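Below: the structure, in structure tokens.
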Amino acid sequence: MIERSSSEDQPGEHSLDLALELLRTELPDLKSLSRAGELLRRLQSETQALQEQVRCESDGLPPRVSSALKAAEQATERAERLLERERRTADELSQHLEKAHPCLETFGQAFQQVDVIERHMKYLRCLQQTEELSSSVQQCLMTNSVWEAICAVDKMAAMVVCLRESKCSHLKNFLQQTLQFWHKILKDRLTSDFEAVLDSLHWPILSPPTQTLSPPPNAQELAGQLEGLVSQLMALQNSDDIISQSSSGHKQEAPLCLPLQIMLLPLSKRFKYHFYGNRQTNNPSKPEWYLTQVLVWISHSSAFLEEKIQPILDRAGANVSAKVELCRGLLALLQQKVRSDATRLLYDDALLCHLVEEVLHFEKELRGQHSLPAAVPGLLHLLLEESLLQKWLSMEKKMALEKVDTMLSSEGAWTSQYRDISDMDELKAPDCAETFMTLLQVITDRYRALPCASAQLKFLELQRELVDDFRIRLTQVMKEESRNPLGARYCAILNGVNYISTILSDWEDNVFFLQLQQAAVSLGEESVVRGLGQTELGRLASLESSLFQGLLGLLERLRADMTGRLLDAIMREVSDRARPYCHDRWLSLPSQQDHTVMSLSTSACPMMLCVRDRLLQLHQTLSLPLFQLSWTGLAERLDSFIYQEVILANHFSEGGAAQLQLDMSRNLFPLFGHYCKRPENFFKHVKEACVVLCLSLGSALLLRDLLRDSDLDQTHGLGAEPSPQAALNELGVYCLSPRDVLILLNLRASWPGQ
9 MIERSSSEDQ PGEHSLDLAL ELLRTELPDL KSLSRAGELL RRLQSETQAL QEQVRCESDG
69 LPPRVSSALK AAEQATERAE RLLERERRTA DELSQHLEKA HPCLETFGQA FQQVDVIERH
129 MKYLRCLQQT EELSSSVQQC LMTNSVWEAI CAVDKMAAMV VCLRESKCSH LKNFLQQTLQ
189 FWHKILKDRL TSDFEAVLDS LHWPILSPPT QTLSPPPNAQ ELAGQLEGLV SQLMALQNSD
249 DIISQSSSGH KQEAPLCLPL QIMLLPLSKR FKYHFYGNRQ TNNPSKPEWY LTQVLVWISH
309 SSAFLEEKIQ PILDRAGANV SAKVELCRGL LALLQQKVRS DATRLLYDDA LLCHLVEEVL
369 HFEKELRGQH SLPAAVPGLL HLLLEESLLQ KWLSMEKKMA LEKVDTMLSS EGAWTSQYRD
429 ISDMDELKAP DCAETFMTLL QVITDRYRAL PCASAQLKFL ELQRELVDDF RIRLTQVMKE
489 ESRNPLGARY CAILNGVNYI STILSDWEDN VFFLQLQQAA VSLGEESVVR GLGQTELGRL
549 ASLESSLFQG LLGLLERLRA DMTGRLLDAI MREVSDRARP YCHDRWLSLP SQQDHTVMSL
609 STSACPMMLC VRDRLLQLHQ TLSLPLFQLS WTGLAERLDS FIYQEVILAN HFSEGGAAQL
669 QLDMSRNLFP LFGHYCKRPE NFFKHVKEAC VVLCLSLGSA LLLRDLLRDS DLDQTHGLGA
729 EPSPQAALNE LGVYCLSPRD VLILLNLRAS WPGQ
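Start counting the sequence shown at 9; every next residue gets the next number (my numbering).
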């Protein structure tokens with residue numbers, strides 16, 4: 009009870025707090041007591057309004073709640089009445105449908121009968137229309153109204169197209185047979201007239217056209233007949249195409265226009281007469297006979313077509329080229345013939361190789377001289393059939409390897425065919441290497457025109473295999489000749505490696521091979537991108553790498569190895585000749601003042617002669633890039649050798665230092681001066697060592713003290729002033745370090761007290 013009373017007192021206390029807060033807000037001081045009455049009235053009105061809101065009705069609920077409940081009850085009653093009405097309506101509708109069901113069945117049967125009758129009517133109407141068109145064509149042909157007959161045949165062809173999806177097979181067959189019947193009669197009639205006109209115009213043109221002195225007397229009449237017949241045949245083209253598609257059952261390549269089909273008939277007869285059967289001209293070893301014959305026909309007929317036929321086609325609105333149509337027709341004959349011959353010659357390598365060569369030559373001349381558009385398929389796609397393509401690849405590989413064996417075993421394999429022509433012999437490539445790269449270029453020229461990138465990539469992979477095989481052969485021959493690296497054959501092998509590497513580097517930037525590289529990445533050609541990671545594929549796609557990158561790396565490694573062996577052999581010979589010079593009496597040589605004229609050291613002559621002779625030999629036997637690489641490498645090794653074996657291994661008097669500088673600057677360096685402007689830059693250690701050894705005594709003392717002091721300062725962590733490197737740079741010493749210079753200064757014998 010105590011807890012409850014305390015909890016009940018809390019709301020009262022809260023209300024009292026609110027009232028006090030209200031009084032403080034409304035009546036903050038004594039001056040505002042005049043507003044107390046107004047505040048009281050306002051509070052009374054608000055209290056009365058609140059009481060009205062919570063005043064309960066007789067049902068014990070507030071007025072607003074009571075009205076809301078009443079409205080909800082009324083809505084519920086209306087919804088129940090609507091549901092009841094819908095149930096009654098559904099029952100009535102169900103009863104009505106049951107009563108109407110017999111009528112619906114009756115009407116359905118009537119509708120089906122109407123549909124059947126309507127289909128029969130359409131069927132009969134179609135038959136009637138076919139009979140009317142057939143009679144119209146017959147009457148037009150009897151009255152020689154060719155254009156009206158062509159229009160009727162076109163309407164019949166349109167009916168065939170409309171009934172293409174129909175299931176009335178008998179009607180379709182009847183209509184199609186009727187169309188073929190009248191189309192054949194009309195086509196045969198026009199063909200006969202057209203052939204007569206062509207015969208008057210001396211078609212086909214089998215020899216070079218010659219200009220007659222005067223036109224034929226009926227030339228104008230023949231021109232009119234020709235134009236009329238070509239126009240009528242072109243008008244008959246639509247029905248001819250529809251018949252061709254219906255007979256084949258599927259969509260074929262666009263057929264030739266009718267005038268050219270007729271013009272091709274005599275050429276087709278001649279082709280089959282001469283190049284099929286037992287005729288001597290049907291010789292599998294002479295495919296150039298029929299290929300050349302077709303080119304001759306195209307060449308001789310072009311002027312006639314351009315002058316007589318093409319203007320008529322243009323006026324008729326036909327978007328075709330008479331010459332292209334003739335080429336398409338003749339190519340169809342050739343495709344059948346080449347496919348037949350290739351199948352028979354599949355196991356005769358020599359004849360098949362000859363056939364491929366002739367087809368490639370024919371295609372090149374057809375596209376170049378006769379300007380056949382690339383969209384018109386020629387004969388190259390026949391070579392892409394899997395069995396023929398694989399045979400072609402195997403023949404290319406077999407013939408290439410045989411030629412390589414023959415080249416390497418020939419007497420002139422390692423001599424340059426341009427050795428007597430200095431302007432053409434910069435690379436000094438041996439005959440075997442040059443012939444090999446020419447062989448690869450010929451292979452490229454053969455497969456370049458193929459219309460399939462995938463097939464081209466197969467040939468590219470074959471080329472890479474051949475290059476790697478040739479590299480291995482060169483490596484084997486090099487190992488046999490490595491006992492004499494200074495011999496002519498060894499240098500020729502090195503020139504050959506450099507020549508192949510140079511050509512492949514040029515191919516890297518060739519547009520054709522760049523396109524093949526992009527095709528290999530996009531197609532994911534397994535033979536080309538096999539074993540490559542994502543990084544390598546990305547580099548190929550971005551053209552940062554190339555398809556020849558791996559081969560170039562192997563060739564570069566072989567070239568570097570061979571160049572190293574060559575320079576090692578020269579340095580062995582030079583070091584043998586330089587032994588007396590290394591042990592010369594540098595410490596006891598007299599000073600420069602004691603000589604009237606200083607000359608080359610006697611002990612240096614064998615070494616200098618050896619260097620001169622070897623440089624001359626390298627210049628004569630190596631290509632210019634290789635010689636540049638070799639003499640710079642030789643200079644670098646000589647610089648290291650003289651610095652280590654001559655300078656650091658001896659002590660020098662003033663005269664010895666002067667003699668060394670004379671030997672180097674007046675004799676050794678000029679040997680390389682024939683190949684560069686400043687040869688001393690390639691002997692930095694020797695040149696700077698001579699500068700240090702030939703310093704005057706005072707300068708040498710100051711420099712030695714400076715270097716020693718700087719060495720002590722560095723040992724104790726102090727900064728040296730001035731910088732020893734700056735002092736060396738003033739003397740022209742940039743390559744040698746301060747410690748090296750200090751060692752060289754200690755090799756001088758002319759110090760005070762010594």
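Virtual Cβ for every residue (Gly too), placed ideally from N, Cα, C.
Quantities reported herein were computed from a predicted structural model and do not represent experimental measurements.
Which first and last residues belong to the alpha helix (DSSP H) in which residue i is found?
i      : result
Ser309 : 295-312
Gly572 : 557-585
His763 : Residue 763 lies beyond the residue range present for the chain, which begins at 9 and ends at 762; the question has no answer from this structure.
Glu229 : 227-243
Met407 : 394-417
Asp592 : Counting along the chain, Asp592 falls outside any alpha helix (DSSP H), and DSSP gives it neither H nor E.
Val700 : 692-701
Gln636 : 632-649
Cys613 : 613-629
Met445 : 439-455
Ser276 : 266-283
Gly663 : 662-671
Gln318 : 318-323
Leu739 : 732-739
Quick one: what's got a C-beta closer than 7 Å to residue i's C-beta in the same chain, skipping five residues either side?
i      : result
Cys618 : Glu581, Val582, Arg585
Pro216 : His308
Val302 : Leu338, Leu342
Leu726 : Note that Leu726 has pLDDT 48, beneath the 50 cutoff, so the model's placement of it is unreliable and no number is given.
Glu29  : none
Leu353 : Pro292, Leu359, Leu360, Leu363
Glu371 : Gly386, Leu387, Leu388, Ala457
Can you list, in chain order, the residues of its chain with a C-beta nearer than 6 Å to that of residue i? Leave out the 5 residues immediately preceding and following it.
i      : result
Ser208 : Leu230
Ala164 : Reading off the sequence, residue 164 comes out as Met, not Ala. Excluding residues within five positions, the ones whose Cβ falls inside 6 Å are Leu141, Leu187.
Lys685 : none
His627 : Phe635
Ala757 : Leu595, His659, Ser661
Ala324 : Ser239, Met242
Val805 : Since the first residue of the chain shown is 9 and the last is 762, residue 805 is not available in this structure.
Just how far apart, CA to CA, sit residue i and residue j?
i      : j      : result
Leu194 : Glu393 : 40 Å
Ala441 : Glu564 : 16 Å
Thr640 : Asp647 : 10 Å
Asn291 : Leu624 : 60 Å
Leu396 : Leu559 : 29 Å
Arg472 : Phe556 : 8 Å
Leu531 : Val505 : 32 Å
Leu709 : Leu755 : 13 Å
Lys695 : Gln669 : 8 Å
Leu744 : Leu522 : 47 Å
Leu642 : Asp356 : 55 Å
Asp25  : Glu34  : 14 Å
Gln377 : His369 : 11 Å
Asp748 : Ile511 : 45 Å
Ala311 : Leu132 : 53 Å
Gly572 : Thr452 : 34 Å
Val475 : Ala577 : 29 Å
Glu100 : Glu106 : 10 Å
His104 : Leu91  : 20 Å
Counting only the same chain and skipping the five closest in sequence on each side, list residues whose C-beta sits under 8 Å from that of residue i.
i      : result
Asp2   : Shown here, the chain extends from 9 to 762; a query on residue 2 therefore has no answer.
Leu524 : Ala461, Gln464, Leu465, Leu468, Leu555
Leu401 : Lys466, Phe467, Leu470
Cys176 : Tyr131
Quick one: is the Cβ of residue i within less than 7 Å of any heavy atom of the ligand HEM?
i     : result
Arg49 : The ligand content of the structure shown is nil, which means the ligand HEM is not present either.
Quick check on residue i - is its C-beta less than 8 Å from some C-beta in chain D?
i      : result
Asn737 : The chain labelled as chain D is not found in the depicted structure, where only one protein chain is given.
Assess contact between the segment 670-688 and the segment 605-623, defined as three or more Cβ pairs (one per stretch) separated by less than 8 Å. Is contact present? yes
Report the start-end ranges of each alpha helix (DSSP H) in the segment 466-539 that is 4 residues or longer and not cut off at the edges. 496-516, 519-531, 534-537
Let me know the beta strand (DSSP E) ranges lying completely inside the segment 131-181, each 3 residues or longer, listed in chain order. The beta strand (DSSP E) runs lying completely inside the segment 131-181 and spanning 3 residues or more number zero.
If we require 4 or more residues per run, which alpha helix (DSSP H) segments fall completely within the segment 344-392? 357-376
Given 8 Å as the limit, is there contact between the segment 482-490 and the segment 404-412, that is, 3 or more CB pairs closer than that? no
Take every Cβ of the segment 374-392, pair it with every Cβ of the segment 435-449, and state whether three or more of those distances are shorter than 8 Å. The segment 374-392, when compared against the segment 435-449, does not touch it at the 8 Å Cβ threshold.
With a threshold of 8 Å, are at least 3 pairs of Cβ atoms found where one atom belongs to the segment 263-277 and the other to the segment 199-214? Output reads yes: the segment 199-214 touches the segment 263-277.
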